[in-house]
């Protein structure tokens, strides 16, 4: 009898409670109903645990997340999520219609290439003391464009009425915006979608405020 | 008789000869054998033609590329390329095997989220006089990780012996690295793959040195 390894070995998420890219992966696992284990990688402690030689073996970019799954270790959150989508049953994270899929990916990539990298820890460390205004500048710039796109694509969720990878990217980016004191009230569609998403169990159980490595003073 | 619009209306690429993300889309069209028209959007002239209200309608991020295809306008190069992949026949730009697909996407996202956004025009404009050393820093940081990944995944191309979206991302990023005087000899796998790719017709005909908007002094 062939027993798939998938049934025996849970995926292992190397992440950090507050990393928006780690949260994306946690949401995807939660939406798919996939049980997984977590190994915390503290980006601040010991000068950054992602910088160790041991972690570099898992992700040469020395960033979180990395996921060990089906005998391989993958990095880059959207690549991980699409691998989960293509190999696991459960609710689809991409629509069936090619134009809707393209809209989902546009929104994902606007966030994942156009906003998040510019307010990432290693970039802000390089910027130094101006880091808050730098992060605000690029988040606001991106949210202006995102609000305009979402006004055309959104229904109940980012693209129509079905949840998708776009929603998985949106809520963690809004969380980052709030950390950097961006006034999200300026962006009513983003704000409304985020509120809808945070009310879902897959988003609340995976939230940075309640992970195994969330410090006591930041717990919900 | 139903005649598909796809047969009648060529895709329209709004791009810039030297934009690495525009070049990605040109390579994808060339690999698929898709005929398309180009509208140049000069990122420098007139203070940046991507900043006009007219262009903002096409891409609210005010970046190139944007592609009008099948009655919609899409932005974000990887979303555009995956739409082309999912709606057009021709050579596959993603492998069939899910783990290989994940490796292709890891490489794409390492470049598209981990390197390119940090040396993008609008970021360098914000950095000011230190822009060359800033760009070099993030390109080298990314290439160290990329070289390490590619050593494990590469065959003739970035992932095995079949061309993919990873190759579409690689060559334009090496072109950017060379513009910023990064010594690519430090990265033998990247260098070897890039040389292989530049010898292909789909990469040479789409190269920044021979586009309709390439200035005379930069033409090959």
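Protein chains in written order, with full-length UniProt numbering: chain A, 1 to 220; chain B, 1 to 220. Beta carbons are placed, not taken as given, at the ideal position from N, Cα and C, and that holds for glycine. On a predicted model such as this, the values are computed, not experimentally measured, just so you know.
Segments of 4+ residues assigned as alpha helix (DSSP H) that fall wholly inside the UniProt domain "GST C-terminal" (97 to 216) of chain B: Note on the UniProt domain "GST C-terminal" (97 to 216) of chain B: whole alpha helix (DSSP H) runs with a minimum of 4 residues are 98 to 114, 121 to 127, 131 to 153, 165 to 179, 188 to 198, 201 to 204, in chain order.
Reduced DSSP secondary structure (H/G/I, E/B, other) of residue 52 (chain A): Coil at residue 52 (chain A), not helix or strand.
What would DSSP say about residue 15 (chain A), mapped onto helix, strand or coil? Residue 15 (chain A) carries a strand assignment under DSSP once its states are collapsed to helix, strand and coil.
State whether the region 194 to 209 of chain B contacts the region 101 to 114 of chain B, with contact taken as three or more CB pairs (one from each stretch) at a distance under 8 Å. Result no; under three Cβ-Cβ pairs closer than 8 Å.
May I ask you to verify whether the region 68 to 84 of chain A touches the region 45 to 55 of chain A, counting CB pairs closer than 8 Å and requiring at least 3? No: the two stretches stay apart, fewer than three of their Cβ pairs being nearer than 8 Å.
So, helix, strand or coil for residue 223 (chain A), using DSSP? What the structure shows of chain A is the stretch from 1 to 220, and residue 223 (chain A) is not part of that stretch, so it cannot be assessed.
Using DSSP's beta-bridge definition, name the partner residues of residue 76 (chain A). In the DSSP output, where bridge partners are listed per residue, residue 76 (chain A) has none listed.
Rounded separation between residue 52 (chain A) and residue 141 (chain B) - CA only: Separation of residue 52 (chain A) and residue 141 (chain B) (C-alpha to C-alpha, rounded to the nearest whole angstrom) is 15 Å.
Taking 7 Å as the threshold (beta carbon to beta carbon), is residue 16 (chain A) in contact with chain B? It does not: the Cβ of residue 16 (chain A) has no partner Cβ on chain B nearer than 7 Å.
When you compare each of B:33, B:170, B:18 to residue 89 (chain B) by their alpha carbons, which one comes out closest? A check of alpha carbon separations from residue 89 (chain B) across B:33, B:170, B:18 identifies B:33 as the nearest.
Is it a yes or a no for the region 24 to 33 of chain A touching the region 79 to 86 of chain A, going by three-plus beta-carbon pairs under 8 Å? In this structure the region 24 to 33 of chain A lies against the region 79 to 86 of chain A, because at least three pairs of beta carbons, one per stretch, are closer than 8 Å.
Buried versus exposed call for residue 129 (chain A) [16 or more other C-beta atoms within 10 Å across all chains shown]: Answer is exposed; the Cβ neighbour count stays below 16.
Chain A contact residues for residue 224 (chain B), given Cβ-Cβ distances below 7 Å: This structure does not reach residue 224 (chain B), given that chain B is present from 1 up to 220, and the question cannot be answered.
Residue 178 (chain B) versus chain A: which residues are under 7 Å apart at the beta carbon? By Cβ distance, chain A contributes nothing, its closest Cβ being about 21 Å from residue 178 (chain B), past 7 Å.
Return the first residue and the last residue of the alpha helix (DSSP H) that residue 25 (chain B) is part of. Annotation: the continuous alpha helix (DSSP H) that includes residue 25 (chain B) extends over 20 to 32.
Please report the straight-line C-alpha distance between residue 199 (chain A) and residue 37 (chain B), rounded to a whole angstrom. The alpha-carbon atoms of residue 199 (chain A) and residue 37 (chain B) are separated by roughly 45 Å.
Cβ contact (3+ pairs, closer than 8 Å) linking the region 191 to 198 of chain B and the region 122 to 137 of chain B: Pairwise C-beta distances place the region 191 to 198 of chain B out of contact with the region 122 to 137 of chain B, as fewer than three of them are shorter than 8 Å.
Using C-beta distances below 6 Å, list every residue in its chain close to residue 192 (chain A), excluding the 5 sequence neighbours before and after it, in chain order. Excluding residues within five positions, none has a Cβ falling inside 6 Å.
What residue range is occupied by the uninterrupted beta strand (DSSP E) comprising residue 63 (chain A)? Boundaries for residue 63 (chain A): no beta strand (DSSP E) harbours it, and the DSSP string shows neither H nor E there.
Need the endpoints of the beta strand (DSSP E) that residue 40 (chain A) sits in, please. For residue 40 (chain A), the uninterrupted beta strand (DSSP E) segment begins and ends at 37 to 40.
Within chain A, partners of residue 74 (chain B) - CB distance below 7 Å: Neighbours of residue 74 (chain B) in chain A, taken as residues whose beta carbon is under 7 Å from its own, are 102, 106 in chain order.
Quick one: Cα of residue 155 (chain A) to Cα of residue 87 (chain A), how far? Going from the Cα of residue 155 (chain A) to the Cα of residue 87 (chain A) covers about 27 Å.
Can you give me, in chain order, the residues of the region 135 to 160 of chain A that have a beta carbon less than 9 Å from any beta carbon in chain B? Residues of the region 135 to 160 of chain A that bring their beta carbon within less than 9 Å of a beta carbon in chain B comprise 137, 138, 141, 142, 144, 145, 146, 147, 148, 149, in sequence order.
Should residue 62 (chain B) go down as buried or exposed, given a rule of 16 or more other Cβ atoms within 10 Å for buried? With 16 or more Cβ atoms within 10 Å of its Cβ, residue 62 (chain B) is classed as buried.
Within 7 Å of any Cβ in chain A, is that where the Cβ of residue 65 (chain B) sits? Output row for residue 65 (chain B): interface = no.
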